[in-house]
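Colleague: Before I ask anything, here is the structure I am working with.
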Amino acid sequence: MELTTISPVFLISLLGVPLLYLLWSKASKSPSGAPAAPPPPPGPTPFPVIGNIPDLLRGGELHRALTGLAASYGPVMSLRLGMASTVVLSSPDVAHEALHKKDGAISSRWVPDNANVLGHQDVSMAWLPSSSPLWKHMRTLASTLLFTSRRLGASRGIRERKARELVDYLGARSGRPVRVGLAVFGSVLNFMSNVFFSEDVVELGSETGQEFQQLIADSVAETAKPNISDFFPFLSALDLSRRRRAAAKNLKKFYDFFDDVIDRRLSSGEKPGDLLDSLLELHAKSQLERPLIRALMTDLFIAGSHTTTTTVEWAMAELLRNPSKMAKARAELGEAFGRGAVEEGELARLPYLNAVIKETLRLHPPAPLLLPHRVSSDSEPAGGVTLGGYSGAQRRPLA
1 MELTTISPVF LISLLGVPLL YLLWSKASKS PSGAPAAPPP PPGPTPFPVI GNIPDLLRGG
61 ELHRALTGLA ASYGPVMSLR LGMASTVVLS SPDVAHEALH KKDGAISSRW VPDNANVLGH
121 QDVSMAWLPS SSPLWKHMRT LASTLLFTSR RLGASRGIRE RKARELVDYL GARSGRPVRV
181 GLAVFGSVLN FMSNVFFSED VVELGSETGQ EFQQLIADSV AETAKPNISD FFPFLSALDL
241 SRRRRAAAKN LKKFYDFFDD VIDRRLSSGE KPGDLLDSLL ELHAKSQLER PLIRALMTDL
301 FIAGSHTTTT TVEWAMAELL RNPSKMAKAR AELGEAFGRG AVEEGELARL PYLNAVIKET
361 LRLHPPAPLL LPHRVSSDSE PAGGVTLGGY SGAQRRPLA
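Position 147 (the sequence shown) corresponds to 147 in full-length UniProt numbering; numbering is contiguous.
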């Protein structure tokens with residue numbers, strides 16, 4: 001950014017940060033006679049005002065920077081990021097202790113400023129605290145309407161049909177360059193859309209599929225990007241980085257898309273027995289509001305398509321880097337099925353390929369950091385943020 005493009009508001013805000021930070025520090029000190037808070041876990045010494053932000057900037061990608069710091073300071077590490085007290089957990093045992101045995105103290109979500117748009121944080125399973133009745137209701141809906149054995153069995157035909165379409169698409173382009181990620185994304189997206197509302201939304205490899213993929217990638221990236229307002233919340237109203245506006249623009253596209261899907265279903269009167277049918281039945285009984293339907297489908301659409309596509313791309317990349325492993329996986333497929341179609345019920349005959357997928361998830365988790373949790377007011381650090389470093393935990397020698 002050139003100096004001439006920096007707005008006066010941005011400059012004034014930056015100049016005001018040190019003064020406001022000092023005022024906050026004095027106001028947040030324990031009153032005289034109050035019991036002293038326990039010492040924080042070990043961590044790098046924070047700089048004045050900005051805290052440990054420079055330590056993260058020096059380490060490349062965020063999860064790699066945290067993994068590097070954890071190697072020096074241990075599996076439980078404290079950081080100060082601006083005004084935010086943060087505890088990083090990077091060991092499987094420690095994460096299990098915190099997230100399962102002490103989950104009551106960190107059941108609330110820390111919602112990044114970029115996600116506070118269009119009220120989505122108040123209706124999204126991703127951002128609602130797990131102690132919230134609404135979160136429990138939404139999770140129960142997702143589990144019973146999508147992930148029971150009966151529901152998974154009912155959608156098996158859709159999965160196999162979409163897999164065959166992907167194989168046919170790739171086979172027709174044998175000997176030519178193929179964007180594997182785009183093809184897999186389109187296949188996964190169409191599978192999900194058929195389970196949700198019985199329609200294909202893209203053609204494999206099409207420009208529409210590319211636009212959809214970019215929208216989902218942008219939505220994930222905008223939410224995950226660091227924002228100065230996360231470190232200094234008093235700047236939130238100014239949206240200095242303009243990322244909240246970008247996130248709102250992307251989210252509105254999803255809302256408009258699902259509003260159109262819902263309106264078409266209501267006007268047609270069709271009842272194909274899919275997820276949308278079940279949700280609209282609850283809506284008709286005043287047991288589920290329309291904004292919740294839209295938010296649930298948005299969350300599932302983004303999470304399901306992005307993670308699956310990323311995993312397949314990494315698996316292909318790792319196999320291409322290791323020709324001997326690629327040959328072994330192909331030999332296993334040939335021995336199990338020859339040139340015939342692979343049936344879902346026979347996947348147990350592919351232990352090596354299953355191991356490839358598991359190792360890919362270990363080396364390249366789609367979400368290397370778990371969603372952040374907020375520490376309750378009666379725990380330490382009160383109001384602080386807890387991050388689970390999935391990538392670092394998976395790469396530790398004892399993991």
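Just so you know, even glycine gets a beta-carbon here, dropped at the ideal spot from N, CA and C.
Quantities reported herein were computed from a predicted structural model and do not represent experimental measurements.
When the Cα atoms are used, what is the spatial distance from residue 228 to residue 84?
Modeller: Cα to Cα, residue 228 sits roughly 11 Å from residue 84.
Colleague: Given a cut-off of 9 Å on the beta-carbon distance, is the pair residue 188 and residue 309 in contact?
Modeller: The answer is yes: Cβ separation under 9 Å.
Colleague: Taking the alpha-carbon positions, what's the residue 237 to residue 49 distance?
Modeller: Cα to Cα, the separation comes out at about 20 Å.
Colleague: CA-CA distance, residue 68 and residue 204?
Modeller: About 40 Å.
Colleague: Determine the DSSP secondary structure at residue 301, reduced to helix, strand or coil.
Modeller: The answer is helix: DSSP assigns residue 301 an H, G or I state.
Colleague: Report buried or exposed for residue 56, applying the criterion of at least 16 other Cβ atoms within 10 angstroms of its Cβ.
Modeller: Buried: at least 16 other Cβ atoms inside 10 Å.
Colleague: Is the beta carbon of residue 186 closer than 9 Å to that of residue 206?
Modeller: Yes, the pair counts as a contact, with Cβ atoms nearer than the cut-off.
Colleague: Taking 8 Å as the cut-off, does the segment 257-277 touch the segment 290-298 (at least 3 CB pairs, one atom from each stretch)?
Modeller: Touching, yes, given that three or more Cβ pairs across the two stretches are closer than 8 Å.
Colleague: Have a look at residue 168 and residue 216 and give me their C-alpha separation to the nearest angstrom.
Modeller: Answer to the nearest angstrom: the Cα atoms are 25 Å apart.
Colleague: DSSP on residue 23, reduced to helix/strand/coil?
Modeller: No answer about residue 23 holds up, because its pLDDT of 49 lies below 50 and its placement is not dependable.
Colleague: Find the nearest neighbour of residue 280 within the set 145, 211 and 94, judged by alpha-carbon distance.
Modeller: For the residues 145, 211 and 94, the minimum Cα distance to residue 280 belongs to 145.
Colleague: Have a look at residue 324 and residue 330 and give me their C-alpha separation to the nearest angstrom.
Modeller: Cα to Cα, the separation comes out at about 10 Å.
Colleague: Quick check: the Cα distance between residue 302 and residue 276, rounded to an integer number of angstroms?
Modeller: Residue 302 and residue 276: Cα-Cα distance of roughly 17 Å.
Colleague: For a quick check, are the C-beta atoms of residue 356 and residue 319 less than 9 Å apart?
Modeller: For residue 356 and residue 319, yes; Cβs fall inside 9 Å.
Colleague: Is it right to say residue 270 is buried, meaning 16 or more other beta carbons lie within 10 angstroms of its own, or is it exposed?
Modeller: The residue is exposed, with fewer than 16 neighbouring Cβ atoms inside 10 Å.
Colleague: Can you give me the Cβ contacts of residue 233 inside the same chain, cut-off strictly under 7 Å, excluding the 5 residues immediately before and after it?
Modeller: Once the five neighbours on either side are set aside, the close Cβ partners of residue 233 are 83.
Colleague: Report yes if the CB atom of residue 272 is closer than 9 Å to the CB atom of residue 198, and no otherwise.
Modeller: It is a contact, given that the beta carbons lie within the stated cut-off.
Colleague: Answer with buried or exposed for residue 162, where buried requires no fewer than 16 other C-beta atoms within 10 angstroms of its C-beta.
Modeller: Buried is the call here.
Colleague: With a threshold of 7 Å on Cβ separation, who are the neighbours of residue 182 within its own chain once the five nearest residues in sequence on each side are excluded?
Modeller: These residues qualify, in order along the chain: 205, 209, 210 and 213.
Colleague: Against chain B, with Cβ distances strictly below 9 Å, would residue 69 count as a contact?
Modeller: No chain B is present in this structure, which holds just one protein chain.
Colleague: With DSSP as the reference, label residue 327 as helix, strand or coil.
Modeller: If DSSP states are grouped into helix, strand and coil, residue 327 belongs with the helices.
Colleague: Looking only at its own chain, which residues have a Cβ that is under 7 Å from the Cβ of residue 250, when we skip the five neighbours before and after it?
Modeller: Excluding positions up to five away in sequence, the list reads 215, 218, 219 and 222.
Colleague: I'd like the ranges of any alpha helix (DSSP H) spanning at least 4 consecutive residues and lying wholly in the segment 63-131.
Modeller: Within the segment 63-131, the complete alpha helix (DSSP H) runs of at least 4 residues are 92-96.
Colleague: Alpha carbon to alpha carbon, what distance is there between residue 285 and residue 316?
Modeller: Those two C-alpha atoms are separated by around 47 Å.
Colleague: Quick one: grab the DSSP three-state call for residue 334.
Modeller: Here residue 334 sits in helix by DSSP.
Colleague: By Cβ distance below 8 Å, which residues in the same chain neighbour residue 360 in space, the five residues on each side in sequence not counted?
Modeller: So the qualifying residues of the chain are 311, 314, 315 and 318.
Colleague: Could you check if residue 54 is buried or exposed, using at least 16 other CB atoms within 10 Å of its CB as the buried criterion?
Modeller: The residue is exposed, with fewer than 16 neighbouring Cβ atoms inside 10 Å.
Colleague: For the segment 170-235, which segments carrying the alpha helix (DSSP H) assignment without a break, of at least 4 residues, lie completely within its bounds, in sequence order?
Modeller: Runs of the alpha helix (DSSP H) inside the segment 170-235: 180-197, 207-224 and 228-231.
Colleague: Could you name the residues that DSSP lists as bridge partners for residue 364?
Modeller: In DSSP, residue 364 forms no bridge with anything.
Colleague: Exposed or buried, which one is residue 147 when buried takes at least 16 other CB atoms within 10 Å?
Modeller: Per the 10 Å Cβ criterion, exposed.
Colleague: Which of the three DSSP states is assigned to residue 51 in this structure?
Modeller: Note: residue 51 maps to strand in three-state DSSP.
Colleague: Nearest to residue 278 by alpha carbon, out of 334, 340, 143 and 368?
Modeller: Per the Cα distances, 143.
Colleague: If you follow the alpha helix (DSSP H) that residue 340 is in, where does it begin and where does it stop?
Modeller: Careful: residue 340 lies outside any alpha helix (DSSP H) and carries neither H nor E.
Colleague: Give me the Cβ distance between residue 230 and residue 112, rounded to the nearest whole Å; I'm assuming they're in contact under 8 Å.
Modeller: Yes, they are in contact, since the Cβ atoms of residue 230 and residue 112 sit about 5 Å apart, within 8 Å.
Colleague: Sorted by chain position, which residues of the same chain lie with C-beta nearer than 7 Å to residue 114's C-beta, five sequence neighbours on each side aside?
Modeller: 222, 223, 225, 227, 243, 244 and 247.
Colleague: With DSSP run on the structure shown, which of helix, strand or coil describes residue 159?
Modeller: Correct three-state label for residue 159: helix.
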